[in-house]
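Engineer: Quick one: structure below, then a few questions.
Residue numbers (my numbering): 183 to 321.
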């Protein structure tokens, strides 16, 4: 995805003829053409921020937020456990090893990376992050 394009400025003259002082000195005002590319892949932090945004939209008064979604792959149930800081993610109707569901705890705090831990079995945090990233990108 292209996020930003800058073009070199150009000087135009009417009727294609040079006019007095219409030229541009070569050492002033020139810029290089630049193109910036942004990654299509969503990071775990972006996906978790988006998920907590969905939870915030679904809060009722002072109650904690919940969010449910159905994707092509699984059903997603996200429930806030601490206001804006922790949530429990349950994925159902999929094939997760020998189970049809899996639970994760998602923690976030200012200035620290997102922590994702599996609640059902011993799963390394890197694998849990990849797992959550795969399914949260659909919401």
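Don't be surprised by glycine CBs; every beta carbon is placed ideally from N, CA and C.
The structure displayed is predicted, hence computed values, not measured ones.
1. Under three-state DSSP, which class holds residue 256?
2. Cβ atoms of residue 262 and residue 176: under 8 Å apart, would you say?
3. Taking its Cβ as the centre, do 16 or more other Cβ atoms sit within 10 Å of residue 311, making it buried, or is it exposed?
4. Going by DSSP, which residues form a beta bridge with residue 284?
5. Can you tell me which of the three DSSP states residue 267 falls into?
6. Rounded to whole angstroms, how far is the Cβ of residue 256 from the Cβ of residue 275, which I believe are closer than 8 Å?
Structural biologist: Put simply:
1. coil
2. Residue numbering for the chain in the displayed model covers 183 to 321; residue 176 lies beyond these limits and cannot be assessed.
3. buried
4. 273
5. coil
6. 6 Å
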